Amino acid sequence: MTSPDRLDRTETEPDIEVGLSEILRHHITRNLRSQPISRRRLALEHKRPPLIRACVAETIGVFFYVFPGIASVASLLTNATNPLGAAVFGSFFQIGLAFAVGIIFAIIIAAPTSGGHLNPAITICFATWKGFPWRLAPFCTYNWPHCILIPARERTTDEETNADIFSQILGAMIAAFVVAGMYWQQISFVKEFLEANHQSQAVVSATGPAAIFASYPADGQHNHGYLFLIEFFADSFIAMVIWASIDPANFLISPQTLPFIIGLGYAAMVWGFAPITLSANMAKDVGCRIVAAVFFGGKAWTYRHYPWISVLVNIPASLFATFVYEVFLRDSLGVIGSGMAAYEHGKEGLERYLAESGFTDRVKAEMRRHGDVSGQSQSNSQDGRQGGDQHVEVVSSVKVE
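This is how it looks when you write it as structure tokens:
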């Protein structure tokens, strides 16, 4: 039998818990409260041109992606002759991690506004597979995180913004100019040191100061076919990670984890192939290489005829990776079941297709094997939400919604 003291504690503890929760919540949020948003502010925000807003977001996003990465490269290369050793100031692991963190921040900052493509190759992939107008592909990017990760009922046309691809290149250029300004004393010292030792040709090389801004093949790498394969498969790897991460049928990825997954995919390729050479992003390569040419001359665009590989391979490699995913891995029925897309002939057309293709019969057979066909079939016909496996849930949701 429960003692009176126990009953007293049971009756009073909930009130005490609520009181403590309120006190702690007030303590934590006391400095985080925002003032009411005025009508004037809402009106000003409403008047902002969506395209300009998206372009600014893409520029800032690419800046945050490129800035920490090339700053880490600068830390390593400008200390190559330091008595303490270059390893004290950086490494390829540090560079890959810096780019990964930059990508995470870039997606977090830019995606809610512009979509956070950060790469023209992804735009081409959307034009190929997602119905983005080809006439806009050379100029605009599509808002992929919103279109993929926000449920269809929450999407509006205002969220489907466009961003100028040139803003991506501009973001990379700004990041390169800022890093050049911050490291200019060290860059000038390395350049003067090489020229004084009759090594001026090394200024634009894999170990010279120009490599802070653009990738160049390592010494001894003269085979363009080999360099093409490195760039092609590394870029394909990254594109495959991106395409899988934004697949609404992929239950392993959430909007909160997506930036980290993409960042780690990029870092993995930097760790594996940056010692040879790797570009991995057309906007970054073009924007930063322009800055390299400003400071180190036209050789930044002609060194061993490699720059054209780093600039042009990104798009076909991304198309190859997304082609493989769309042909062999895409689960369109799962996408429909997630509510992120609709069947072109409507709900009745989809039900008819599922019946004609034998999909419904296969689901029923699986349910019979589990021994629960009678109960679950009746439930499915009533509310369309019960099922023995993932496919049953997809069919049910399609029939109801």
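Be aware that the sequence shown starts at 1, since it is given in UniProt numbering, and climbs by one per residue.
Don't be surprised by glycine CBs; every beta carbon is placed ideally from N, CA and C.
Values in this document were obtained by computation on a predicted structure and should not be read as measured data.
- DSSP, read as helix, strand or coil, puts residue 347 in helix.
- Rounded to the nearest whole angstrom, the C-alpha separation of residue 218 and residue 333 is 46 Å.
- Residue burial annotation: residue 259 is buried, with at least 16 other C-beta atoms found within 10 angstroms of its C-beta.
- With a contact defined as Cβ atoms closer than 8 Å, residue 204 and residue 71 miss out at about 20 Å.
- Taking residue 206 as the centre and dropping the five residues before and after it, the same chain places the C-beta of 216, 217, 218, 219, 277 closer than 7 Å to its C-beta, in chain order.
- With a beta-carbon spacing of about 22 Å, residue 243 and residue 113 fall beyond the 8 Å limit used to define contacts.
- DSSP places residue 233 within a helical segment (H, G or I) once states are collapsed to three.
- If you ignore the 5 residues before and after residue 238, its C-beta comes within less than 7 Å of the C-beta of 265, 266, 269, 280, all in its own chain and listed in chain order.
- Relative to residue 330, the option among 248, 359, 193 whose CA is nearest is 248.
- Secondary structure at residue 59: helix, using DSSP grouped into helix, strand and coil.
- In the displayed model, residue 340 falls within coil according to three-state DSSP, outside both helix and strand.
- Boundaries for residue 370: no alpha helix (DSSP H) harbours it, and the DSSP string shows neither H nor E there.
- If you look at residue 49, you'll find it isn't in any alpha helix (DSSP H); DSSP assigns it neither H nor E.
- Between the region 289-307 and the region 85-102, the count of Cβ pairs shorter than 8 Å is below three; the stretches do not touch.
- Excluding five sequence positions before and after residue 297, the CB atoms of its chain that fall closer than 8 Å to its own CB belong to 204, given in chain order.
- A distance below 8 Å between beta-carbons, with the five flanking residues on each side excluded, links residue 124 to the following residues of its chain, in chain order: 137, 315, 318, 319.
- In this structure, residue 283 sits near residue 172, with a CB-CB distance shorter than 7 Å.
- With contacts defined as CB atoms closer than 7 Å, residue 168 and residue 58 qualify as a contacting pair.
- Pairing residue 212 with residue 73 gives a Cβ-Cβ distance under 7 Å.
- The residue from 80, 236, 208, 188 with its alpha-carbon nearest to that of residue 325 is 236.
- Boundaries for residue 213: no alpha helix (DSSP H) harbours it, and the DSSP string shows neither H nor E there.
- Taking C-alpha positions only, residue 340 is separated from residue 363 by approximately 22 Å.
- Around the beta carbon of residue 49, fewer than 16 other beta carbons sit within 10 angstroms, so the residue counts as exposed.
- Where residue 303 is concerned, there is no enclosing alpha helix (DSSP H), because DSSP gives it neither an H nor an E.
- Linking residue 166 to residue 102 through their CA atoms gives a straight-line distance of about 20 Å.
- Excluding five sequence positions before and after residue 227, the CB atoms of its chain that fall closer than 7 Å to its own CB belong to 217, 221, 277, 306, 309, given in chain order.
- When DSSP states are grouped into helix, strand and coil, residue 204 belongs to the coil group.
- Sorting 293, 82, 350, 271 by C-alpha distance to the C-alpha of residue 94 places 271 at the top.
- Put simply, the backbone Cα of residue 356 is about 56 Å away from that of residue 175.
- Annotation for residue 289: the continuous alpha helix (DSSP H) segment containing it runs 282-296.
- Taking the C-beta atoms as reference points, residue 61 is found nearer than 7 Å to residue 110.
- Taking 7 Å as the cut-off, the Cβ atoms of residue 274 and residue 92 count as close.
- Closest in alpha carbon position to residue 115, among 349, 285, 56, 82, is 56.
- When the alpha-carbon of residue 68 is set against those of 130, 369, 90, 51, the nearest one is in 90.
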